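> Going letter by letter, the sequence shown gives residues 39 to 235 in my numbering.
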Amino acid sequence: MPRSLSVLGAKLERLGFTGLRVLYGEVYYCVDPGSMLGRVTCYYVLCSHFHREHCSEDVTQIISVDRLVSPLVGITVKPGDTVKLRELVVKATSAYSKWPSSHTRGVEVGFYITFPSGLRLYYTGDTVLQEEILDFNGRVDVLVIPISGEGVFTPEEAVEAVKSIKPTLTIPVHYEDAVVYYKFRDMAQPYTQVVRL
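(1) Rounded to the nearest angstrom, what separates E146 and P228 at their Cα positions?
(2) Cα separation between L58 and E51?
(3) Could you spell out the range, first to last residue, of the beta strand (DSSP E) harbouring P184?
(4) First and last residue of the beta strand (DSSP E) that includes R59?
(5) Buried or exposed: which applies to L75, given that a residue is buried once 16 or more other Cβ atoms fall within 10 Å of its Cβ?
(6) Looking only at its own chain, which residues have a Cβ that is under 7 Å from the Cβ of Y213, when we skip the five neighbours before and after it?
(7) I'd like to check one pair, F55 with V211: are the Cβ atoms closer than 9 Å?
(8) Taking the CB atoms as reference points, tell me whether H92 and D119 lie closer together than 9 Å.
(9) Could you spell out where the alpha helix (DSSP H) holding F222 opens and where it closes?
(10) For the structure I just gave you, are there three or more beta carbon pairs, one from the segment 152-163 and one from the segment 103-122, closer than 8 Å?
(11) Mind checking who G148 pairs with in its DSSP beta bridge?
(12) Between the Cα of V65 and the Cα atoms of V83, G72 and L53, which residue gives the shortest distance?
(13) Quick check: what's the CA-CA separation for T162 versus T114?
(14) Alpha carbon to alpha carbon, what distance is there between V97 and S202?
(15) Identify every residue that forms a DSSP beta bridge with Q99.
As structure tokens, this is what we get:
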């Protein structure tokens, strides 16, 4: 299992249960770093929502609010909002599920990030299959998607999302059981290249 993946000028590394760290140029961007924040270098932090495995509520004690993008503090975003972080353009996307009830539509977000190199990365956040995902059809190079089925996509639902989005590469997150990963990989592999970080 590789520790990092280099694609179109960006170096991608998995952070904890559901996070991702991206090095582009000389800048580290961390998405939902969970407990890794403070243990790894992050210049910008993007929080989809405030659950322990994503971002803790004390994140502002570690990172300056002008370098934090989230739905509640720092540079606040809601689905549809766009912010520029140095060279990267970050669009907040819709992310929600019926269970647990704290994954509320319009409150939590995912992130669609475009890079000057042409790389398009979509971090779905904690969500389930939804109509808004169809907007990304054929416009994603790297998809980062949860697959545990616990308030997020099941492996089968994640495969349906892959079929709709058509990403070149897919990085599954939000799972602990390797059986869940292999189930997703085996079903998704005909439609995308699955990479386990």
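Heads up, the beta-carbon is just placed ideally off N, CA and C, and yes, glycines get one too. The structure displayed is predicted, hence computed values, not measured ones.
Quick answer:
(1) As a working mapping, residue 146 is identified with position 108 in the sequence shown. As a working mapping, residue 228 is identified with position 190 in the sequence shown. Each residue's Cα considered, the two are about 31 Å apart.
(2) Residue mapping note: residue 58 aligns to position 20 of the sequence shown, counting from 1. Residue mapping note: residue 51 aligns to position 13 of the sequence shown, counting from 1. If you take the alpha carbons of L58 and E51, they lie about 6 Å apart.
(3) What you label residue 184 is simply residue 146 of the sequence shown in a count that begins at 1. Run containing P184: V180 to P184, per the beta strand (DSSP E) assignment.
(4) Residue mapping note: residue 59 aligns to position 21 of the sequence shown, counting from 1. Note, R59: beta strand (DSSP E), G57 to Y62.
(5) Position 37 of the sequence shown, counting from 1, holds the residue named residue 75. So L75 ends up on the buried side.
(6) As a position in the sequence shown, residue 213 is number 175, starting the count at 1. Taken in chain order, the residues that qualify are I185, S186 and Y219.
(7) Translated into positions along the sequence shown, residue 211 becomes position 173. Translated into positions along the sequence shown, residue 55 becomes position 17. In this structure, F55 lies closer than 9 Å to V211 by Cβ.
(8) Taking the first residue of the sequence shown as 1, we reach residue 92 at position 54. Taking the first residue of the sequence shown as 1, we reach residue 119 at position 81. Contact flag unset, no.
(9) Counted from its first residue, the sequence shown places residue 222 at position 184. Residues A216 to A226.
(10) no
(11) Position 110 of the sequence shown holds residue 148. Beta-bridge pairing links G148 to T131.
(12) For this step, residue 65 is matched to residue 27 along the sequence shown. When only C-alpha atoms are compared, the closest one is V83.
(13) On the sequence shown, position 124 is the one that residue 162 refers to. On the sequence shown, position 76 is the one that residue 114 refers to. Each residue's Cα considered, the two are about 17 Å apart.
(14) In the sequence shown, residue 202 corresponds to position 164, counting from 1. In the sequence shown, residue 97 corresponds to position 59, counting from 1. The alpha-carbon atoms of S202 and V97 are separated by roughly 34 Å.
(15) The sequence position of residue 99 within the sequence shown is 61, counting from 1. None; Q99 has no bridge partner.
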